[in-house]
């Protein structure tokens, strides 16, 4: 989740995490490098917080993830991973000698951090700060400045490691710039909540073979009532296979009615 300051990254991450754990606040941990901002939402539920202090090096993040996993957390929120990259930039700038060659001392540390996220036994939600700017927009006939997020403060190409990339604006609305789940592609801006986490949890639990079986059942439906009944039975597939249900519905509506001769 990336966005400018005030776009709701931390709160959005917590709400999605609640859906991922199916309502278990005690299975959510935040690794907080945002000056204890995670404590601001303590009234929501008893989630766990692990506070980090400068210099926010990748090794600290790796150790913190291990601590959360050993505690049995289902979801780990890294809020934010921008500090990890900024710490490496600061480290590289202070190294003596050729700055280009010095990257050979930096890149392996960042790669180890990414690898640790990918190998985690928990769901990982990472927030990323974006550089902000202001643009003039027409709002009810008045030209007003509006804060917008630009480039994320992380290494270029970092988004390739994630299954979904949510881009948040200052009004707390999200769009996806990448979505391997195909749950939120081409949707209008929406707000992140527990439902989003629940849909992602169902997608994670879906077995490919079972999905193909349900797809076959959709194609075998001969009437609209049969299709509706199947839709309500397959709650885990309602989001993922919604396009297939809609397509079969339109096919059935277009089937000509057979008139029996008198």
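Numbering (the working numbering), first residue to last: 33 to 294. Think of the CB as a built atom: it goes at the ideal place given N, C-alpha and C, for glycine as much as any other residue.
- Item | Cβ pair residue 94, residue 148 closer than 8 angstroms | yes
- Task: Identify which residue in 266, 184 and 110 has its Cα closest to the Cα of residue 163.
- Result: 184
- Query: Under a Cβ-count criterion, where at least 16 other Cβ atoms within 10 Å of its own Cβ denotes burial, should residue 217 be classed as buried or exposed?
  - Reply: exposed
- Task: Take residue 15 and list the residues in its own chain whose beta-carbon comes closer than 7 angstroms to its own, dropping the five residues that flank it on each side.
- Result: As shown, the chain starts at 33 and ends at 294. That puts residue 15 outside it, with no answer to give.
- Message: Using DSSP's beta-bridge definition, name the partner residues of residue 295.
- Response: Summary: the structure shown does not reach residue 295, with the chain confined to residues 33 through 294, and so no result is reported for it.
- Item | Supposed contact pair residue 226 and residue 50 - C-beta distance, whole angstroms, cut 8 angstroms | 5 angstroms
- Item | Cβ shell of residue 209 (< 6 angstroms), same chain only, five flanking positions each side left out | 197 and 199
- Query: Roughly how many angstroms separate the alpha carbons of residue 37 and residue 161, rounded to a whole number?
  - Reply: 7 angstroms
- Alpha-carbon to alpha-carbon, residue 193 and residue 146: 8 angstroms
- Message: Can you check which of these residues, 265, 232 and 273, is closest to residue 48 by C-alpha distance?
- Response: 232
- Item | Beta-carbon proximity of residue 108 to residue 136, cut-off 8 angstroms | no
- Query: Roughly how many angstroms lie between the CA atoms of residue 74 and residue 101, to the nearest whole one?
  - Reply: 21 angstroms
- Task: Measuring alpha carbon to alpha carbon, tell me which of 71, 120 and 168 ends up nearest residue 92.
- Result: 120
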